[in-house]
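Enquirer: Residue numbers (the UniProt record's numbering): 1 to 575.
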Amino acid sequence: MKKYIIYIGILAVGLLLGWFLFGGSTNTENEHNHDAVAESNQMWTCSMDPQIMQPEPGDCPICGMDLIPAEAGADGLAADQFKLTENAMALANVQTAVVGSGKAEDNAIKLSGKIVENEEANAVQVSYFSGRIERLNVSFTGEEVRRGQLLATIYSPELYAAQQELLTASSLKESQPALYKAVRNKLKLWKLSENQISQIESSGKVQENVPIYATVSGTVTEKLIEQGDYVKQGQPLLKIANLSTVWANFDVYENQIEVLKKGQEVSVVTNAYPNKEFTGKVDFIDPTLNTKTRTVTLRVVLSNKDNLFKPGMFVSGKIKGVASNTKEVLTIPSTAVLWTGERSLVYLKPDPNETVFEMREITLGSKMGENYQVVDGLENGDEIVTNGTFTVDAAAQLQGKKSMMNHKSDKNESKEAHFNLNERVTVSKDFQNQLKAVFNGYIQLKDALVKDDANNSAEEAKKLLSHLSKVDMKLVKDKDAHEHWMVLEKEIKDSATSISNTSDLVDQRRRFKSLSTHLTNAIEVFGINEKMYHQYCPMVDNDTGAYWLSKEEKVLNPYFGDAMLRCGEVKQVIE
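(1) Measuring CB atoms only, is the region 159 to 173 touching the region 139 to 151, in the sense that at least three cross pairs come out at less than 8 Å?
(2) If we ignore side chains and look at the alpha-carbon of each, how far apart do residue 588 and Phe-309 end up?
(3) Beta-carbon separation of Leu-77 and Ala-395 under 7 Å?
(4) For Gln-227, which residues from the same chain have a beta carbon less than 7 Å from its beta carbon, with the 5 sequence-adjacent residues on both sides left out?
(5) Return the bridge partner residues of Cys-537 from the DSSP annotation.
(6) Taking the continuous alpha helix (DSSP H) assigned at Asp-507, which residues delimit it?
(7) Pull up the DSSP beta-bridge partners for Phe-357, would you.
(8) How would you call Lys-402, buried or exposed, if buried means at least 16 neighbouring beta carbons within 10 angstroms?
(9) What are the start and end residues of the alpha helix (DSSP H) that includes Phe-140?
(10) Taking the continuous alpha helix (DSSP H) assigned at Ala-152, which residues delimit it?
(11) Taking contact to mean 3 or more Cβ pairs, one atom from each stretch, closer than 8 Å, check whether the region 144 to 156 and the region 278 to 286 are in contact.
(12) By alpha-carbon positions, which one of Ser-175, Trp-548, Cys-60 ends up nearest to Arg-509?
(13) Do Gln-199 and Phe-129 count as a contact pair if the criterion is CB distance below 7 Å?
(14) Under 8 Å by Cβ, that's how I've got Leu-302 and Thr-245 pegged, so tell me the actual separation to the nearest angstrom.
(15) So Phe-439 is in the alpha helix (DSSP H); what residue range does that whole segment cover?
(16) So, are the CB atoms of Gly-263 and Leu-111 less than 7 Å apart?
(17) Go to Ala-461, then tell me how far its alpha helix (DSSP H) extends in each direction, as first and last residue.
(18) Check whether the Cβ atoms of Lys-239 and Val-145 lie closer than 7 Å to each other.
(19) Candidates Ala-563, Ser-516, Cys-60, Lys-191: which alpha carbon is nearest Phe-439's?
(20) Looking at the strands, I want to know which residues DSSP matches up with Phe-278.
(21) List the whole-angstrom C-beta distance separating Ala-248 from Val-268, where the pair is believed to meet the contact cut-off of C-beta under 8 Å.
(22) I need the straight-line Cα distance from Arg-299 to Tyr-253, nearest angstrom please.
(23) Contact defined as beta carbons within less than 8 Å: I believe Ile-492 pairs with Ala-458. What is the distance between those atoms, to the nearest angstrom?
(24) Hey, quick one: how far does the alpha helix (DSSP H) through Tyr-559 stretch, first residue to last?
(25) Flag this pair as yes or no: are the beta carbons of residue 612 and Val-210 separated by less than 7 Å?
(26) Alpha carbon to alpha carbon, what distance is there between Tyr-559 and Asp-453?
(27) Buried or exposed: where does Leu-189 fall if 16 or more other Cβ atoms within 10 Å of its Cβ makes it buried?
(28) Judging by CA-CA distance, which residue of Val-94, Pro-55, Asn-87 is the nearest neighbour of Lys-349?
(29) Please specify which runs of the alpha helix (DSSP H), each continuous and at least 4 residues long, are wholly inside the UniProt domain "CusB-like three alpha-helical bundle" (158 to 208), giving them in chain order.
(30) By how many angstroms is the C-alpha of Val-116 removed from the C-alpha of Pro-236?
(31) Between which two residues does the alpha helix (DSSP H) holding Ala-496 run?
(32) Just the Cα atoms here: how many angstroms apart are Met-564 and Val-476?
(33) What is the rounded straight-line gap between the Cα of Val-375 and the Cα of Leu-345?
(34) Applying the criterion that 16 or more other CB atoms from any shown protein chain within 10 Å of the CB defines a buried residue, is Gly-113 buried or exposed?
(35) Just the Cα atoms here: how many angstroms apart are Ala-97 and Ile-384?
(36) Return the first residue and the last residue of the beta strand (DSSP E) that Arg-343 is part of.
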């Protein structure tokens, strides 16, 4: 019995010793396996090339840097995403919109258009005789006039002589009635009324200054003369529009034409009155296709008795009760698009509840009014930035994310320049002086735009291109800085070339916005040893805002010229 007790004791001691030696290994092994599973779910990226995503740590295949956990320091965001604060979005007036389409959905076609004047109700007030404008009673464009209202008084030597003829013929009307009648008819052809002619006869006095009365009622949309001007017979004086009705012109793609016809009812809405819906009928469908946009114009006549619609206002239309099997046409506003060379970029807001953004490269089709057709890159329902796009792009650059300036569409591209876009680099004095000559050419171009001089702007753009061609990029020794200059030089050249090839002031100013962006970055990076002012106007380009450079602190707006010369403020002083 004692022997069995000894055996049992030895067995117990053995089990206890085995548990101490091996019992914890299972938990340890399980913990180890758990960590391994967790690590297997971890993605790794490169801080300089965030498009790189690998399941294991290692070196970046592009730049060779050590990969880091994809979410490290990124608040759980994907490698190509970044976040803006609500305050930053409010200050920059960043706005987004859900991508819509022109497809017939739920038996309705949605269209985009613009309010214009009703040309059938427009009139031009002309002078029916030659003379000098002694007094002009219309003070400004937009003034309301009524039929029969005194618009101006004119001194006319030939009318003065005709009145004298009338007085002479009046004394001979018994003996020479034909002569008398001919003189009276001559004055009637010059739009003098029966009362005016009779008053001249009865008074026996010649009027030196003859009044001009409005022949129609409406709103003065354009003043073509000023007080003191000399006008010829038949010369236009004023353009007057009757805005009691207006036209809504919609752009329609050719694959939608088949379901549209005259007389269809159209529901119209506008951002100015989001809670109101207006109705009208299709009055006209243009028989000619615009070969550039592949669209036709569809016209709707709208009542405007309350003067709610303003010419130039954007509107959306919906035609209900139609069915179409046409392919979906996705459209986005032009303000949402950033262009860099041949690429078109937008910023996507993937989560409607978060202020998170990511850049998306898209392919554009035809332009339709203020919108572009999207061929590839977006889907119906995507939310994109439509206002403040440049501000969002700048935020992407500062956070090292894909942006307009540091992203290339070719994924097999060799190493890109890891370069701080806002940090001053050291270059030779010769390069700075050559860049300074480009800047001086830019200032001359800016001054021409301030003066609303399209022809001179085109000439100054050509001079700027001449200075740009003399910049020796070999003087930039640093490889990354050299590559950065090559990108900027191409963008500056493209913008300046576009300005030099057009006499359209609106188009020149649109291109000037891009030119200013890239030249400013070049000066910030390379320097020209001169003080300048980085100025900003929030009302440019349908309130999307634009920057420009100036040598003086005083604001002279190149985007509006005389129309809004002082609009803007100094945002930064660049030394």
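All residues carry an ideal CB built from backbone N, CA and C; glycine is no exception.
Expert: On the basis of the coordinates in this document:
(1) No, they do not touch.
(2) Since the first residue of the chain shown is 1 and the last is 575, residue 588 is not available in this structure.
(3) Within the sequence shown, residue 77 is the residue found at index 77, counting from 1. Within the sequence shown, residue 395 is the residue found at index 395, counting from 1. Against a cut-off of 7 Å, the Cβ pair of Ala-395 and Leu-77 comes out as no contact.
(4) Locating residue 227 in the sequence shown gives position 227, where the first residue counts as 1. Result list for Gln-227: Ile-133, Arg-135, Leu-136, in chain order.
(5) In the sequence shown, counting from the first residue as 1, residue 537 sits at position 537. Answer by DSSP bridge pairing, in chain order: Ala-546.
(6) Here residue 507 refers to the residue found at position 507 of the sequence shown. Per DSSP, the continuous alpha helix (DSSP H) segment holding Asp-507 begins and ends at 505 to 526.
(7) As a first step, residue 357 must be located in the sequence shown, where it is residue number 357. Phe-357 has Phe-82 as its beta-bridge partners, per DSSP.
(8) What you label residue 402 is simply residue 402 of the sequence shown in a count that begins at 1. With 16 or more other Cβ atoms within 10 Å, it is buried.
(9) On the sequence shown, position 140 is the one that residue 140 refers to. Phe-140 -> no alpha helix (DSSP H), and no H or E assigned at all.
(10) In the sequence shown, residue 152 corresponds to position 152, counting from 1. Looking at the DSSP string, Ala-152 is not in any alpha helix (DSSP H); the run it does join, the beta strand (DSSP E), is 150 to 155.
(11) Here the region 144 to 156 does not lie against the region 278 to 286, with fewer than 3 beta-carbon pairs under 8 Å apart.
(12) The count along the sequence shown starts at 1 and reaches residue 509 at position 509. Among Ser-175, Trp-548, Cys-60, the Cα nearest to that of Arg-509 is on Trp-548.
(13) The sequence position of residue 129 within the sequence shown is 129, counting from 1. The sequence position of residue 199 within the sequence shown is 199, counting from 1. For Phe-129 and Gln-199, no; Cβs fall outside 7 Å.
(14) Reading the sequence shown from its first residue, position 302 is the one you call residue 302. Reading the sequence shown from its first residue, position 245 is the one you call residue 245. The beta-carbon separation of Leu-302 and Thr-245, rounded to 7 Å, stays under the 8 Å limit for a contact.
(15) Looking up residue 439 in the sequence shown gives position 439. Per DSSP, Phe-439 belongs to the alpha helix (DSSP H) from 429 to 450.
(16) Within the sequence shown, the letter at position 263 stands for residue 263. Within the sequence shown, the letter at position 111 stands for residue 111. Taking the C-beta atoms as reference points, Leu-111 is found no nearer than 7 Å to Gly-263.
(17) Residue numbering aside, residue 461 sits at position 461 when the sequence shown is read from its first letter. Its alpha helix (DSSP H) spans residues 454 to 469.
(18) In the sequence shown, residue 239 corresponds to position 239, counting from 1. In the sequence shown, residue 145 corresponds to position 145, counting from 1. Cβ distance not < 7 Å, so Lys-239 and Val-145 don't count as in contact.
(19) Translated into the one-based positions of the sequence shown, residue 439 becomes position 439. Of Ala-563, Ser-516, Cys-60, Lys-191, the residue nearest in Cα terms is Ser-516.
(20) Against the sequence shown, residue 278 aligns to sequence position 278. Looking at the DSSP output, Phe-278 sits in a beta bridge with Val-268.
(21) Here the question's residue 248 lines up with position 248 in the sequence shown. Here the question's residue 268 lines up with position 268 in the sequence shown. Sure, about 6 Å apart at Cβ, within 8 Å.
(22) Position 299 of the sequence shown, counting from 1, holds the residue named residue 299. Position 253 of the sequence shown, counting from 1, holds the residue named residue 253. Their backbone Cα atoms lie some 14 Å apart in a straight line.
(23) Here the question's residue 492 lines up with position 492 in the sequence shown. Here the question's residue 458 lines up with position 458 in the sequence shown. At roughly 16 Å, the Cβ-Cβ gap does not stay under 8 Å, so Ile-492 and Ala-458 are not in contact.
(24) Reading the sequence shown from its first residue, position 559 is the one you call residue 559. Unbroken run through Tyr-559: none, as it is neither H nor E.
(25) This structure leaves residue 612 out entirely; the chain is present only between 1 and 575.
(26) Along the sequence shown, read from residue 1 onward, the residue named residue 453 stands at position 453. Along the sequence shown, read from residue 1 onward, the residue named residue 559 stands at position 559. Going by the C-alpha atoms only, they are around 12 Å apart.
(27) Here the question's residue 189 lines up with position 189 in the sequence shown. Label assigned to Leu-189: exposed.
(28) Here residue 349 corresponds to residue number 349 of the sequence shown, with the count starting at 1. For Lys-349, the closest C-alpha among the options Val-94, Pro-55, Asn-87 is that of Val-94.
(29) Correct list: 177 to 189, 194 to 203.
(30) On the sequence shown, residue 236 is found 236 positions in, with the first residue counted as 1. On the sequence shown, residue 116 is found 116 positions in, with the first residue counted as 1. Going by the C-alpha atoms only, they are around 21 Å apart.
(31) Residue 496 sits at position 496 when you count from the first residue of the sequence shown. In the DSSP annotation of this structure, the continuous segment of the alpha helix (DSSP H) that includes Ala-496 starts and ends at 479 to 500.
(32) Indexing the sequence shown from 1 puts residue 564 at position 564. Indexing the sequence shown from 1 puts residue 476 at position 476. Cα-Cα distance, rounded: 40 Å.
(33) Here residue 375 corresponds to residue number 375 of the sequence shown, with the count starting at 1. Here residue 345 corresponds to residue number 345 of the sequence shown, with the count starting at 1. A direct Cα-Cα distance of roughly 13 Å separates Val-375 from Leu-345.
(34) For this step, residue 113 is matched to residue 113 along the sequence shown. So Gly-113 ends up on the buried side.
(35) Working through the sequence shown from its first residue, we reach residue 97 at position 97. Working through the sequence shown from its first residue, we reach residue 384 at position 384. So the two alpha carbons sit approximately 6 Å from each other.
(36) For the purposes of this step, residue 343 is taken as the residue at position 343 of the sequence shown. That run of the beta strand (DSSP E) goes 343 to 348.
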